[in-house]
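*Asks:*
Numbering (my numbering), first residue to last: 14 to 507.
1) Does DSSP put residue 452 in a helix, a strand or coil?
2) Cutting at 6 Å between CB atoms, please list the residues of its own chain near residue 32, excluding the five before and the five after it.
3) If you drop the 5 nearest sequence neighbours on each side, which residues of the same chain put their C-beta closer than 8 Å to that of residue 339?
4) If you run the structure through DSSP and keep just helix, strand and coil, what is residue 146?
5) Looking only at its own chain, which residues have a Cβ that is under 6 Å from the Cβ of residue 438, when we skip the five neighbours before and after it?
6) Tell me the DSSP secondary structure of residue 67 in three-state form.
7) Less than 8 Å between the C-beta atoms of residue 173 and residue 130, yes or no?
8) Would you please state the rounded distance, in angstroms, between the beta carbons of residue 127 and residue 121? I believe it to be under 8 Å.
9) For the stretch 346-354 against the stretch 459-478, are there 3 or more C-beta pairs whose distance is under 8 Å?
10) Quick check: what's the CA-CA separation for residue 389 versus residue 223?
11) Nearest by alpha-carbon distance to residue 370: which of 378, 268, 314 and 360 is it?
12) Less than 8 Å between C-beta atoms, sequence neighbours within five positions excluded: which residues of the same chain meet that for residue 92?
13) Please confirm whether residue 474 and residue 448 have their CB atoms less than 8 Å apart.
14) Would you kindly work out how many angstroms separate the C-alpha atoms of residue 356 and residue 226, rounded to a whole number?
15) Could you say which of 332, 313, 266 and 241 lies nearest to residue 276 if we only look at CA atoms?
16) Is the distance from the Cβ of residue 210 to the Cβ of residue 456 below 8 Å?
17) By Cβ distance, which residues of its chain are closer than 7 Å to residue 239, with the 5 residues on each side in sequence left out?
18) With which residues is residue 438 paired in a DSSP beta bridge?
19) Under a three-way DSSP split, which group does residue 230 fall into?
20) According to DSSP, residue 30 sits in a beta bridge with which residue or residues?
21) Starting from residue 169, follow the alpha helix (DSSP H) in both directions and report where the run begins and ends.
22) CA-CA distance, residue 342 and residue 326?
23) Within a Cβ cutoff of 6 Å, which residues of the same chain sit near residue 203, ignoring the five residues on either side of it in sequence?
24) Classify residue 458: buried if its beta carbon has 16 or more other beta carbons within 10 angstroms, exposed otherwise.
25) With distances taken Cα to Cα, identify the nearest neighbour of residue 271 among 231, 366, 320 and 280.
26) Please name the residue or residues paired with residue 36 in a DSSP beta bridge.
27) Considering Cα atoms alone, identify which of 374, 256 and 233 is closest to residue 278.
28) When you compare only the Cα positions, how much space is there between residue 251 and residue 358?
29) Buried or exposed for residue 476, please, with buried defined as at least 16 other CB atoms from any protein chain shown within 10 angstroms of its CB.
30) Under a three-way DSSP split, which group does residue 488 fall into?
31) In angstroms with no decimal places, state the Cα-to-Cα distance between residue 480 and residue 234.
32) Helix, strand or coil for residue 471? Go by DSSP, reduced to three states.
33) Have a look at 436, 206 and 315 and flag the residue whose alpha-carbon is nearest the alpha-carbon of residue 420.
34) Alpha carbon to alpha carbon, how far is residue 336 from residue 269? Give it in angstroms, no decimals.
35) Could you tell me whether the Cβ atoms of residue 378 and residue 484 are closer together than 8 Å?
36) Give the DSSP-derived three-state secondary structure of residue 248 in the structure shown.
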């Protein structure tokens with residue numbers, strides 16, 4: 014942020030620096046050093062402006078009545094802490110605070126009304142009961158007139174009255190004054206996280222890298238893992254197969270190398286009878302079918318052309334450039350069991366690394382279902398879509414240094430059938446509890462970068478349904494593998 018300082022707010026107001034002060038009851042405290050010129054000179058006036066930050070876990074238009082009340086109550090407590098800092102300032106430079114709220118002014122409006130009622134209560138002008146209600150109606154009308162529109166919803170009005178009646182008469186704030194609050198809407202910065210474009214990568218590999226928030230796996234690594242697992246059962250390496258399993262091609266893509274291969278070499282000279290043992294693990298059994306699949310992905314326009322010219326064009330293609338990602342896609346991709354197995358293999362072998370301290374010991378796959386089943390171990394583990402955000406809210410961990418670390422989730426979307434086009438992508442909560450999309454959409458670079466918002470707080474279930482997500486990969490939700498060492502800590506820190 015230093016590159017943007019001093020920051021000009023007006024022709025005669027510049028922010029020279031921002032300084033961390035501390036934290037009280039979950040409310041973060043900063044202070045701005047503000048001057049009248051862009052260069053601080055000896056003898057020039059510099060003001061210290063208190064800045065208070067509070068995180069509210071629900072957007073007002075998404076929260077139920079109880080949550081809305083809790084948000085206003087928490088915001089009011091933060092305002093009182095802020096006002097204590099203002100009244101204790103050496104010169105009392107700031108008389109009226111400005112409250113910035115992302116996206117919605119519902120809570121600032123309630124606070125404005127509430128604090129005008131508080132001021133009247135402290136001055137002895139109001140008593141609890143009908144007199145307070147009448148005064149509240151007058152304040153509401155004044156706010157409506159200032160904005161030339163309804164300033165408060167009925168729920169906001171009731172919340173302000175309830176807080177004034179139940180909290181402030183019995184426990185008035187210690188601040189010496191309580192001015193009304195000016196309201197502005199602020200825009201949160203674009204959330205950032207590690208992600209990478211698919212390009213020639215497979216979506217399952219990019220989703221795993223997004224889950225671990227670094228390039229921990231290549232397509233070649235995934236191919237090596239898959240082929241080894243199948244080789245133990247089917248002896249793929251020793252059968253002298255052609256097509257995707259020809260020795261030179263397989264050796265190259267396992268080493269994460271791009272390969273040029275001719276049609277003649279790919280089809281080979283072996284028997285044309287397909288290896289039925291591979292049925293169910295490979296998209297196509299015969300080398301010729303595999304070649305056509307590679308053509309489909311590499312030259313979709315030519316393959317879609319059913320005319321004589323299109324057929325001649327396809328037959329003329331006698332050489333293909335095969336990347337590890339293309340090999341994976343033509344093979345069958347990563348099924349869910351394979352993806353979970355890869356993730357758990359990484360967790361086992363890398364669990365002692367410092368950057369893995371906040372990750373679980375293992376993950377499992379869960380099916381999103383419309384009905385509400387019990388969470389259970391076994392093959393058919395399921396979770397109701399409406400409960401996902403509440404349950405996954407547990408998974409914000411503290412590492413060995415006590416730092417908060419969000420935990421990504423891998424989603425599988427599509428029609429769900431074995432022959433359907435399904436897609437993997439990751440989602441991750443940011444510091445404001447928005448769910449952000451770690452998929453490849455819109456990026457051509459690899460690394461830490463801005464990501465689009467997948468769902469606002471409280472809206473994850475609807476976003477998952479809209480994206481046709483039917484499986485999620487997350488930490489174990491029940492049973493003996495539920496071994497989050499920081500689960501209890503995370504509840505306290507959340």
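In this text, a Cβ means the ideal position worked out from N, Cα and C, and glycines have one as well.
*Replies:* Once the coordinates are examined:
1) Translated into positions along the chain shown, residue 452 becomes position 439. Residue state, collapsed to three classes: coil.
2) Within the chain shown, residue 32 is the residue found at index 19, counting from 1. Cβ within range, chain order: 44.
3) Translated into positions along the chain shown, residue 339 becomes position 326. Within the same chain, residue 339 has close Cβ partners 213, 307, 310 and 311.
4) Along the chain shown, read from residue 1 onward, the residue named residue 146 stands at position 133. Reduced to three states, the DSSP call for residue 146 is helix.
5) As a first step, residue 438 must be located in the chain shown, where it is residue number 425. Contacts found: 220, 424 and 452.
6) Here residue 67 corresponds to residue number 54 of the chain shown, with the count starting at 1. In the structure shown, residue 67 falls within a coil segment according to DSSP collapsed to helix, strand and coil.
7) Your numbering for residue 173 matches position 160 in the chain shown. Your numbering for residue 130 matches position 117 in the chain shown. Between residue 173 and residue 130, the gap from beta carbon to beta carbon is short of 8 Å.
8) The sequence position of residue 127 within the chain shown is 114, counting from 1. The sequence position of residue 121 within the chain shown is 108, counting from 1. That pair is no contact at about 10 Å.
9) A contact between stretches requires three or more CB pairs, one per stretch, nearer than 8 Å, and the stretch 346-354 fails this requirement with the stretch 459-478.
10) Here residue 389 refers to the residue found at position 376 of the chain shown. Here residue 223 refers to the residue found at position 210 of the chain shown. Any reading at residue 389 needs caution, since the residue's pLDDT is 47, under 50, leaving its predicted position unreliable; the model's value is listed next. CA-to-CA, the gap between residue 389 and residue 223 works out to about 27 Å.
11) Translated into the one-based positions of the chain shown, residue 370 becomes position 357. It is 360 whose Cα lies nearest to the Cα of residue 370.
12) Within the chain shown, numbered from 1, the residue matching residue 92 stands at position 79. Excluding sequence positions up to five before and after residue 92, its CB lies within less than 8 Å of the CB of 65, 110, 112, 124, 128 and 194, all in the same chain and listed in chain order.
13) What you label residue 474 is simply residue 461 of the chain shown in a count that begins at 1. What you label residue 448 is simply residue 435 of the chain shown in a count that begins at 1. Contact flag unset, no.
14) Taking the first residue of the chain shown as 1, we reach residue 356 at position 343. Taking the first residue of the chain shown as 1, we reach residue 226 at position 213. Near 13 Å, if we compare the C-alpha coordinates of residue 226 and residue 356.
15) Within the chain shown, residue 276 is the residue found at index 263, counting from 1. Across the set 332, 313, 266 and 241, the C-alpha of 332 shows the shortest separation from the C-alpha of residue 276.
16) Counting from one through the chain shown, the residue named residue 210 turns up at place 197. Counting from one through the chain shown, the residue named residue 456 turns up at place 443. Contact flag set, yes.
17) Taking the chain shown and counting its residues from 1, the one referred to as residue 239 is at position 226. Exclusion of the five residues before and after residue 239 leaves 351 as the residues of its chain whose Cβ lies within less than 7 Å of its Cβ.
18) Numbered from 1 along the chain shown, position 425 holds the residue referred to as residue 438. Paired residues: 424.
19) Translated into positions along the chain shown, residue 230 becomes position 217. In this structure, residue 230 counts as coil in the three-state DSSP scheme.
20) Counted from its first residue, the chain shown places residue 30 at position 17. According to DSSP, residue 30 bridges with 46.
21) Locating residue 169 in the chain shown gives position 156, counting from the first residue. Start and end: 167-176.
22) Within the chain shown, numbered from 1, the residue matching residue 342 stands at position 329. Within the chain shown, numbered from 1, the residue matching residue 326 stands at position 313. Cα atoms of residue 342 and residue 326: separation of roughly 23 Å, rounded to the nearest angstrom.
23) For the purposes of this step, residue 203 is taken as residue 190 along the chain shown, with counting starting at 1. The answer, listed in chain order, is 463.
24) Position 445 of the chain shown, counted from the start, is the residue given in the question as residue 458. Label assigned to residue 458: exposed.
25) Counting from 1 along the chain shown, the entry for residue 271 is found at position 258. Relative to residue 271, the option among 231, 366, 320 and 280 whose CA is nearest is 231.
26) As a first step, residue 36 must be located in the chain shown, where it is residue number 23. Paired residues: 41.
27) Reading the chain shown from its first residue, position 265 is the one you call residue 278. Nearest option by C-alpha distance: 256.
28) Taking the first residue of the chain shown as 1, we reach residue 251 at position 238. Taking the first residue of the chain shown as 1, we reach residue 358 at position 345. Rounded to the nearest angstrom, the two C-alpha atoms are 25 Å apart.
29) Here residue 476 is taken as the residue at index 463 of the chain shown, counted from 1. Answer is buried; the Cβ neighbour count reaches 16.
30) Stepping through the chain shown from its first residue, residue 488 is reached at position 475. Secondary structure of residue 488 (DSSP, three-state): strand.
31) The sequence position of residue 480 within the chain shown is 467, counting from 1. The sequence position of residue 234 within the chain shown is 221, counting from 1. Here the alpha carbon of residue 480 sits roughly 29 Å from the alpha carbon of residue 234.
32) In the chain shown, residue 471 corresponds to position 458, counting from 1. Coil, per DSSP.
33) The residue you call residue 420 lines up with position 407 of the chain shown. For residue 420, the nearest C-alpha among the options comes from 206.
34) Numbered from 1 along the chain shown, position 256 holds the residue referred to as residue 269. Numbered from 1 along the chain shown, position 323 holds the residue referred to as residue 336. Between the alpha carbons of residue 269 and residue 336 lies a distance of about 8 Å.
35) Within the chain shown, numbered from 1, the residue matching residue 378 stands at position 365. Within the chain shown, numbered from 1, the residue matching residue 484 stands at position 471. Less than 8 Å separates the beta-carbon of residue 378 from that of residue 484.
36) In the chain shown, residue 248 corresponds to position 235, counting from 1. In this structure, residue 248 counts as coil in the three-state DSSP scheme.
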